[in-house]
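Colleague:
Residue numbers (my numbering): 449 to 946.
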């Protein structure tokens with residue numbers, strides 16, 4: 449909260465008033481920068497030999513004065529450089545402006561490059577322009593030398609404060625910028641990979657009259673003009689499938705989804721999801737795409753398919769392990785649930801102290817056993833397929849095994865990263881499953897899906913056989929940047945109000 453009586457803020461407001469008294473606007477409309485600081489460092493010898501005039505701009509992060517001479521450090525996105533200021537060069541009025549500067553101000557420095565007597569490459573200022581006066585002091589950051597290296601030891605490290613004030617985190621912990629630069633590169637790599645495969649990037653509604661495509665509780669809002677409730681989407685699936693019905697064969701969307709449910713180290717109520725759909729393929733085609741796409745992302749970020757993560761190495765080298773859910777349960781626990789005997793499976797759950805959800809059938813119980821007993825043990829990339837139909841209302845039944853569907857999930861380090869189906873395109877089967885989900889919802893399952901009549905009508909016009917896949921961008925970034933909290937890879941994560 450702004451406090452004009454704070455002594456530091458008060459002092460800076462007084463300086464700003466003096467700047468205005470000098471006839472100088474402390475917040476001008478533009479800058480005439482000619483070079484980034486990084487360019488000066490990259491072409492140091494050229495600038496020193498040519499004595500070429502330069503104009504640089506950035507944040508003043510340190511300054512010191514002694515009489516009619518001053519120094520400062522100027523920072524922009526490309527690097528940092530020292531500025532050397534003399535009253536004789538600037539003139540009395542412009543040097544007075546420099547004296548009214550503070551760390552945190554944005555300034556423009558016109559001048560030429562030189563090396564000071566202490567050997568530091570610098571810009572000798574011929575003119576200073578105020579670009580933005582800072583009125584709130586930056587948090588102090590201290591440094592010390594340990595074994596010949598500079599160590600920051602009093603930086604902005606309070607985790608919750610870092611997330612609430614990300615702008616200060618990025619400013620004072622510049623290494624954290626690299627996470628978001630890598631995030632951007634991961635998204636660019638995904639787009640490039642899918643574009644090369646002939647996919648079309650599309651956009652679908654964020655506000656939806658019905659929500660669907662996942663089992664999750666939605667956020668509800670209200671449109672005043674239409675006088676109707678709308679939902680923030682929990683998935684893009686049902687609209688992307690409408691586009692396949694409409695004649696597109698390969699589509700994808702990278703977009704925000706919103707789920708009104710719990711928060712933890714891997715869940716944020718607002719998250720970024722890639723969903724893609726491809727006609728005339730199936731689950732196996734989706735496995736190949738997922739494997740190749742994640743491999744390309746790892747190579748783009750780390751230059752290797754061996755990904756360091758929390759002291760271990762995750763190998764995304766191909767091929768990945770592929771195994772059925774039932775086989776992994778048997779391999780891990782010794783329990784064979786392939787007969788879908790609900791009484792036997794429920795008894796096993798009780799023996800393992802696994803909570804049995806209300807109205808759960810054999811398929812739901814099998815999924816619970818996998819979640820509790822198997823998932824955390826899947827460290828290296830594993831494509832788990834053949835899921836119970838009961839927990840997969842949008843996937844196609846497995847031929848000859850009607851209790852299973854053609855679905856896989858990708859697990860790495862015990863976490864789910866991707867979810868994919870051989871998509872259900874039988875409108876009557878889809879209706880039956882949606883109605884069963886609606887019945888579960890009526891019994892109190894708030895994450896069960898609704899019956900979407902418009903989507904079912906679209907299916908009745910015919911949708912080709914196809915595969916579909918979704919992958920959480922935030923979790924993928926966590927993996928490839930060695931982070932265990934989703935808040936570290938989202939610029940502005942949701943936080944509890946203080």
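Note that the Cβ used here is the ideal one computed from N, Cα and C, for glycine as well.
Which stretch, first to last residue, makes up the alpha helix (DSSP H) that contains residue 756?
Modeller: Here residue 756 belongs to no alpha helix (DSSP H); instead the beta strand (DSSP E) covers 754-757.
Colleague: Is it true that the segment 679-687 meets the segment 653-662, where meeting means three or more beta-carbon pairs spaced less than 8 angstroms apart?
Modeller: Output reads yes: the segment 653-662 touches the segment 679-687.
Colleague: Could you check what DSSP says for residue 865 in three-state terms: helix, strand or coil?
Modeller: Correct three-state label for residue 865: strand.
Colleague: According to DSSP, is residue 805 part of a helix, a strand, or is it coil?
Modeller: Reduced to three states, the DSSP call for residue 805 is coil.
Colleague: Hey, how far is the Cα of residue 882 from the Cα of residue 937?
Modeller: Residue 882 and residue 937: Cα-Cα distance of roughly 35 angstroms.
Colleague: Just to confirm the assignment: which complete alpha helix (DSSP H) runs, minimum length 4, are found wholly within the segment 881-942?
Modeller: With a minimum length of 4 residues, the continuous alpha helix (DSSP H) runs that stay inside the segment 881-942 are 901-908 and 921-928.
Colleague: Touching or not, the segment 564-584 and the segment 454-470, by the rule of three or more beta carbon pairs under 8 angstroms?
Modeller: Judged by Cβ distances under 8 angstroms, the segment 564-584 makes contact with the segment 454-470, as three or more pairs qualify.
Colleague: State yes or no: is the C-beta of residue 650 within less than 7 angstroms of the C-beta of residue 699?
Modeller: Closer than 7 angstroms, so yes.
Colleague: Using the C-alpha atoms, what's the distance from residue 664 back to residue 709?
Modeller: Roughly 7 angstroms separates the two Cα atoms.
Colleague: Can you check which of these residues, 827, 859, 884 and 861, is closest to residue 842 by C-alpha distance?
Modeller: Checked all of 827, 859, 884 and 861; the closest Cα to residue 842 is 884.
Colleague: Residue 639 to residue 750, Cα distance in whole Å?
Modeller: Going from the Cα of residue 639 to the Cα of residue 750 covers about 18 angstroms.
Colleague: Which one of 875, 704, 831 and 825 has the shortest CA to CA distance from residue 861?
Modeller: The candidate whose alpha carbon is nearest that of residue 861 is 825.
Colleague: When burial is assigned at 16 or more other CB atoms within 10 Å of the CB, is residue 867 buried or exposed?
Modeller: That one is buried.
Colleague: Can you tell me which residues form a DSSP beta bridge with residue 513?
Modeller: Residue 513 is bridged to 518.
Colleague: Answer yes or no: do residue 846 and residue 838 have a C-beta to C-beta separation smaller than 7 angstroms?
Modeller: Taking 7 angstroms as the Cβ cut-off, residue 846 and residue 838 do not qualify as a contacting pair.
Colleague: Just to confirm before moving on: does the CB-CB distance between residue 870 and residue 918 stay below 7 angstroms?
Modeller: Contact: no.
Colleague: Check whether the Cβ of residue 909 sits closer than 6 angstroms to any heavy atom of the ligand FAD, and report yes or no.
Modeller: As far as ligands go, the structure on display features none, and thus does not contain the ligand FAD.
Colleague: Go ahead and pull the three-state DSSP assignment for residue 875.
Modeller: Helix, per DSSP.
Colleague: Taking the alpha carbon of residue 557 as the reference point, which residue from 755, 534 and 717 has its own alpha carbon closest?
Modeller: Residue 534 is the option with its Cα nearest to residue 557.
Colleague: Excluding the 5 residues preceding and the 5 following residue 802 in the sequence, name in chain order all residues of the same chain whose CB lies nearer than 6 angstroms to its CB.
Modeller: Excluding positions up to five away in sequence, the list reads 816 and 820.
Colleague: Rounded to a whole number of angstroms, what is the C-alpha to C-alpha distance between residue 610 and residue 589?
Modeller: Going from the Cα of residue 610 to the Cα of residue 589 covers about 14 angstroms.
Colleague: In this structure, what does DSSP give as the bridge partners for residue 561?
Modeller: 571.
Colleague: Quick check: the Cα distance between residue 536 and residue 622, rounded to an integer number of angstroms?
Modeller: Straight-line Cα distance between these residues: approximately 35 angstroms.
Colleague: Can you have a look at residue 726 and say buried or exposed, based on whether 16 or more other CB atoms are within 10 angstroms of its CB?
Modeller: That one is buried.
Colleague: By Cβ distance, which residues of its chain are closer than 8 angstroms to residue 693, with the 5 residues on each side in sequence left out?
Modeller: Cβ neighbours of residue 693 beyond the five flanking positions: 906, 907, 909, 910 and 911.
Colleague: Please state whether DSSP places residue 751 in a helix, a strand or coil.
Modeller: Residue 751 falls in the coil class under three-state DSSP.
Colleague: Out of curiosity, what's the CA-to-CA distance linking residue 833 and residue 913?
Modeller: Rounded to the nearest angstrom, the two C-alpha atoms are 18 angstroms apart.
Colleague: Report buried or exposed for residue 878, applying the criterion of at least 16 other Cβ atoms within 10 angstroms of its Cβ.
Modeller: Buried.
Colleague: Starting from residue 533, trace the beta strand (DSSP E) in both directions and tell me its first and last residue.
Modeller: Its beta strand (DSSP E) spans residues 527-534.
Colleague: Rounded C-beta distance between residue 822 and residue 777? I'm assuming under 8 angstroms.
Modeller: At roughly 6 angstroms, the Cβ-Cβ gap stays under 8 angstroms, so residue 822 and residue 777 are in contact.
Colleague: By the three-class DSSP mapping on this structure, what secondary structure does residue 597 have?
Modeller: Note: residue 597 maps to strand in three-state DSSP.
Colleague: Determine the burial state of residue 475: buried for a count of at least 16 other Cβ atoms within 10 Å of its Cβ, exposed for fewer.
Modeller: Burial call: exposed.
Colleague: Under three-state DSSP, which class holds residue 608?
Modeller: Helix at residue 608.
Colleague: Going by Cα to Cα distance, which pick from 645, 676 and 740 is closest to residue 697?
Modeller: Checking every option, the nearest Cα to that of residue 697 belongs to 645.
Colleague: Taking all protein chains shown into account, decide if residue 874 is buried (16 or more other Cβ within 10 angstroms of its Cβ) or exposed.
Modeller: That one is exposed.
Colleague: In the DSSP assignment, what residue or residues form a beta bridge with residue 836?
Modeller: In DSSP, residue 836 forms a bridge with 852.
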